[in-house]
Amino acid sequence: MTLLSLDRLTVKRGDCPVVDAATLTVGAGELVGLIGPNGAGKTSLMRGALGMLPHSGMSSLTQMPALARARHAAWLPQARDIAWPIAVETLVMLGRTPHLAAGQRPSARDRAAVAQALATMDLTGFETRPATELSGGEQARVLIARALAQDTPLILADEPIAGLDPGHQIATMAAFAGLARGGKAVMVSLHDLGLAARHCTRLVLMHKGRIHADGVPETVLTQANLAQVFGISAHLAQGPQGIIFQPLEVLR
Amino acid sequence: MTRALFPVLVLVTLALFALSLLTGPAGFGLRESLSALVTGQGEAVTLVMREIRLPRAILAVLVGASLGLSGAALQGYLRNPLAEPGLIGVSGSAALGAVIAMQTGFAASFALALPLSALTGALVAVLLILVLAGPRGGSLTLILAGIAISALAGALTSLALNLSPNPFATAETVFWMMGSLADRSFAHVWLAAPFMILGWAVVLPLGRGLDALTLGEDAAAAMGIGLSRLRLQLVVGVAACVGAATAVAGAIGFVGLVVPHLLRPLVGARPSVLLPASALGGAAMVLLADIAVRLVLPERDLKLGVLMAIIGAPLFLHLIYKTRRAGA
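In structure tokens form, the structure reads like this:
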């Protein structure tokens, strides 16, 4: 089942296309890693797909009404904004906003979704703490939990694991992989190519606004692609759990 | 804590409302005042209670609730605890409208000429903001448009005073700008109430969207919150509240800034809960200040806006100090 489809999606900043005719579909069961150097257009691709940037071309998400879209796709922005010292549980409950009518109190189902999200992100026991008093990595996990609590078939996350410790990076990627196996689809942008190779079912490599390569990690993480797009060399090996990636040096 | 907060705020507001009715230079007894208010017995005391003190107390509630609610809504929308109702330029423009009316003598032509001029000023400001900030702009364009309009209205107000041919009109204008609820009648209540109640009805339902905005504009939009509509509702609602409040009471600062700040820790910092709490808290604070101006210097007509700033500024400094210590 297709959960996201983009057809020649183009996002322009002034005259310069930051996303140039991107075409892809994401189906249930996929954990898509969106990789590429800084400024390659990863964030713009996802924000354009969600209709948050002026764009041309087609995105299946922008054709939905706002509320239907909020029930279909959760978006985790890169900026970790928490404006007020609200309790962690209250913050994660915000993810239930699209499922609650104005003024409606959270039902048992909403509370269960929040508890589940908190447990997934290893935040049980943090419920009543003010979110602004947590460490940066803990705040990042709380915000991921909010996106999980939204309980949507599709999750788009912009660098969700940046700044997390290794244990929670792996746990977060594993949680996304688990959601994908359960029939959802997740698209994450990330810079840790080793984790991307290890956990993603598919990688989309962006370069200068274009989709440079798209496929299983083995076909995308090649010496040629790494040299051309990132300008690095790397050690690539086949391990028992997929491809093993270790960056070595800058080529330029 | 939140559960007990609302009954407490309602009780405090009611108690202050009653106290406001019993405060004034005409020293009537408690029983005499209340029976006159309800039954209309005793000509002089009935007149004082029904025509002077009752509208004054009602206006204190209306103005305070409107300013408290507007402050909480703007702080929630801008995600900044320093936002206050004057920020979008409506109070400055309403004051300009009033000043022009006073300087041209239009204010003396009929009873409600002054507040109506102020409301016209507020309306012009709203239209300007909506044009300047555009339909799709973010919160930054709103602040910038508000600052520009405030500055322009302030400059034009100064110009009107500067070029004033009449020193009496100038003195009257300066005193009016200090803000007061003295000598207001039910005509003022009937003029302001519809705008304020409209404003409350437009702003109070924004709680859900403001809660979502805690996580930023992108996250809120992705949770199904229509930000353009939210902003339009906010501007119109706040303008109705603040424009009407300025029209009948002049410029009263600090309520919209301090009240949400005081109550935020008591509502778990949730913008949606802070809205009604700040409305009640604002009503209580203006009632209290309006009682104080009558008790502190009964003969000198101490202005409400002046007293509010004198109390508000140190309170605000104390809050900043506390915040700094908590953050350190």
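Quick mapping for you: the protein sequence lines, in order, are chains F and D. My numbering puts the first sequence at residues 3 to 254. My numbering puts the second sequence at residues 4 to 331. Yeah, the Cβ is synthetic: ideal placement off N, Cα and C, and Gly gets one too.
Residue closest to Q240/F, alpha-carbon to alpha-carbon, out of G184/F, A119/F, T221/F, G233/F: The residue given as residue 240/F occupies position 238 in the first sequence. For Q240/F, the nearest C-alpha among the options comes from T221/F.
Going by alpha carbons, who is nearest to P219/F out of V231/F, L238/F, G211/F? Translated into the one-based positions of the first sequence, residue 219/F becomes position 217. The closest CA to that of P219/F, considering only V231/F, L238/F, G211/F, is found on L238/F.
Closer than 9 Å between beta carbons: that is the criterion. Which residues of the segment 215-226 of chain D meet it against chain F? Cβ contacts with chain F come from A215, L216, T217, L218, G219, E220, D221, A222, A223, A224, A225, M226.
Can you list, in chain order, the residues of the segment 244-274 of chain D whose Cβ is nearer than 9 Å to any Cβ on chain F? Cβ contacts with chain F: R267, P268, G271, A272, R273, P274.
A331/D: buried (16+ other C-beta within 10 angstroms of its C-beta) or exposed? Looking up residue 331/D in the second sequence gives position 328. Confidence in A331/D is poor, its pLDDT being 49 and thus under 50, which makes the residue's placement unreliable; the coordinate value appears in the next sentence. Counting Cβ neighbours within 10 Å, A331/D comes out exposed, since fewer than 16 surround it.
Between which residues of its own chain and V206/D is the CB-CB distance below 8 Å, once the five residues before and five after are set aside? Taking the second sequence and counting its residues from 1, one reaches residue 206/D at position 203. Taking C-beta separations shorter than 8 Å and ignoring five residues to either side along the sequence, the partners of V206/D in its chain run L72, S73, A76, Q236, L237, G240, V241, C244, L278, following chain order.
Between which two residues does the alpha helix (DSSP H) holding V20/F run? Locating residue 20/F in the first sequence gives position 18, counting from the first residue. Not the alpha helix (DSSP H): V20/F falls in the beta strand (DSSP E), residues 18-29.
Assuming L290/D and A196/D are in contact, meaning their beta carbons sit under 8 Å apart, how far apart are those beta carbons, in whole angstroms? For the purposes of this step, residue 290/D is identified with residue 287 of the second sequence, where counting begins at 1. For the purposes of this step, residue 196/D is identified with residue 193 of the second sequence, where counting begins at 1. With a contact defined as Cβ atoms closer than 8 Å, L290/D and A196/D miss out at about 16 Å.
Under a CB-based cut-off of 9 Å, is G208/D close to chain F? If you number the second sequence from 1, residue 208/D lands on position 205. Residue 208/D is actually Pro in this sequence, not Gly. At least one chain F Cβ lies under 9 Å of P208/D.
Compile a chain-ordered list of the residues in the segment 46-74 of chain F whose CB is closer than 8 Å to at least one CB of chain D. Hits within the stretch, in order: R49, L52, M54, A68, L69, R71, A72, R73.
I'd like to know whether the C-beta of D153/F is nearer than 9 Å to at least one C-beta of chain D. Working through the first sequence from its first residue, we reach residue 153/F at position 151. Cβ-Cβ to chain D under 9 Å: no for D153/F.
Would you please state the rounded distance, in angstroms, between the beta carbons of L96/F and M226/D? I believe it to be under 8 Å. As a first step, residue 96/F is located in the first sequence; it is residue number 94 there, counting from the start. As a first step, residue 226/D is located in the second sequence; it is residue number 223 there, counting from the start. So it is a contact: roughly 7 Å between Cβ atoms.
Measure the alpha-carbon distance for R34/D versus G229/D and round it to whole angstroms. Walking along the second sequence from the start, residue 34/D turns up at place 31. Walking along the second sequence from the start, residue 229/D turns up at place 226. Linking R34/D to G229/D through their CA atoms gives a straight-line distance of about 53 Å.
For the ligand ATP, any of its heavy atoms closer than 8 Å to the Cβ of A149/F? Only the bare structure without any ligand can be found here, which leaves the ligand ATP out of the picture.
Three-state secondary structure (DSSP) of V93/D: Looking up residue 93/D in the second sequence gives position 90. V93/D falls in the helix class under three-state DSSP.
Step through the CB atoms of chain D and report whether any lies within less than 9 Å of the CB of R148/F. Against the first sequence, residue 148/F aligns to sequence position 146. Yes, R148/F lies at the interface with chain D (some Cβ there is under 9 Å from its Cβ).
Please report whether the beta-carbon of I2/D lies at a distance below 9 Å from any beta-carbon of chain F. Residue 2/D is absent from the structure shown; chain D starts at 4 and stops at 331.
Return no unless some Cβ of chain D is closer than 9 Å to the Cβ of D83/F. Within the first sequence, numbered from 1, the residue matching residue 83/F stands at position 81. D83/F counts as touching chain D.
Residue environment, E87/D, which counts as buried when at least 16 other CB atoms sit within 10 Å: For the purposes of this step, residue 87/D is taken as residue 84 along the second sequence, with counting starting at 1. Around the C-beta of E87/D, 16 or more other C-beta atoms lie within 10 Å, and the residue is accordingly described as buried.
Helix, strand or coil for M311/D? Go by DSSP, reduced to three states. Here residue 311/D refers to the residue found at position 308 of the second sequence. In this structure, M311/D counts as helix in the three-state DSSP scheme.
To the nearest angstrom, report how far apart T45/F and R200/F are at their CA atoms. In the first sequence, the residue the question calls residue 45/F occupies position 43. In the first sequence, the residue the question calls residue 200/F occupies position 198. Between the alpha carbons of T45/F and R200/F lies a gap of roughly 22 Å.
Do the segment 252-270 of chain D and the segment 168-183 of chain D make contact, defined as three or more Cβ pairs closer than 8 Å? These segments touch.
CA-to-CA distance, R273/D to L265/D, given in whole angstroms: Within the second sequence, the letter at position 262 stands for residue 265/D. Within the second sequence, the letter at position 270 stands for residue 273/D. If I take the Cα positions, the gap works out to 13 Å.
What whole-angstrom Cβ distance do A286/D and L307/D have, given they're in contact under 8 Å? In the second sequence, the residue the question calls residue 286/D occupies position 283. In the second sequence, the residue the question calls residue 307/D occupies position 304. Contact doesn't hold; Cβ gap of about 14 Å is too wide.
Establish whether the CB of G202/D and some CB of chain F are separated by less than 9 Å. Against the second sequence, residue 202/D aligns to sequence position 199. No - not a single Cβ of chain F is within 9 Å of the one on G202/D.
Using C-beta distances below 7 Å, list every residue in its chain close to T123/D, excluding the 5 sequence neighbours before and after it, in chain order. Working through the second sequence from its first residue, we reach residue 123/D at position 120. Beyond the five residues adjoining it in sequence on each side, T123/D comes within less than 7 Å, by CB distance, of G100 in the same chain, given in chain order.
Residue from L233/D, A185/D, F113/D with nearest C-alpha to P301/D: Looking up residue 301/D in the second sequence gives position 298. With distances taken between Cα atoms, P301/D lies closest to A185/D.
Locate the alpha helix (DSSP H) running through F247/F, then write down its first and last residues. Walking along the first sequence from the start, residue 247/F turns up at place 245. Counting along the chain, F247/F falls outside any alpha helix (DSSP H), though it belongs to the beta strand (DSSP E) covering 244-252.
Can you tell which of C202/F, A187/F, C18/F, K186/F has its C-alpha closest to the C-alpha of H1/F? Not covered by the structure: residue 1/F. The range shown for chain F is 3 to 254.
Rounded to the nearest angstrom, what separates V102/D and L90/D at their Cα positions? Taking the second sequence and counting its residues from 1, one reaches residue 102/D at position 99. Taking the second sequence and counting its residues from 1, one reaches residue 90/D at position 87. Spanning the alpha carbons of V102/D and L90/D requires a straight line of approximately 19 Å.
Can you say whether Y324/D is buried or exposed, counting buried as having 16 or more other CB atoms within 10 angstroms of its CB? Residue 324/D sits at position 321 when you count from the first residue of the second sequence. Exposed.
Against G229/D, what residues of chain F qualify as contacts under a CB-to-CB distance less than 7 Å, listed in chain order? Along the second sequence, read from residue 1 onward, the residue named residue 229/D stands at position 226. Neighbours of G229/D on chain F, chain order: A68.
L5/F and P162/F - do their beta-carbons sit closer together than 9 Å? On the first sequence, position 160 is the one that residue 162/F refers to. On the first sequence, position 3 is the one that residue 5/F refers to. No, the pair does not count as a contact, with Cβ atoms beyond the cut-off.
Three or more C-beta pairs below 8 Å linking the segment 32-50 of chain F and the segment 8-16 of chain F: Between the segment 32-50 of chain F and the segment 8-16 of chain F, the count of C-beta pairs closer than 8 Å reaches three or more; the two stretches touch.
Output yes or no for whether 9 Å exceeds the beta carbon distance between V90/F and V144/F. In the first sequence, counting from the first residue as 1, residue 90/F sits at position 88. In the first sequence, counting from the first residue as 1, residue 144/F sits at position 142. Contact annotation: V90/F and V144/F have beta-carbon atoms nearer than 9 Å.
Could you check if G246/D is buried or exposed, using at least 16 other CB atoms within 10 Å of its CB as the buried criterion? Here the question's residue 246/D lines up with position 243 in the second sequence. Around the beta carbon of G246/D, a 10 Å sphere encloses 16 or more other beta carbons of the protein chains shown; the residue is thus reported as buried.
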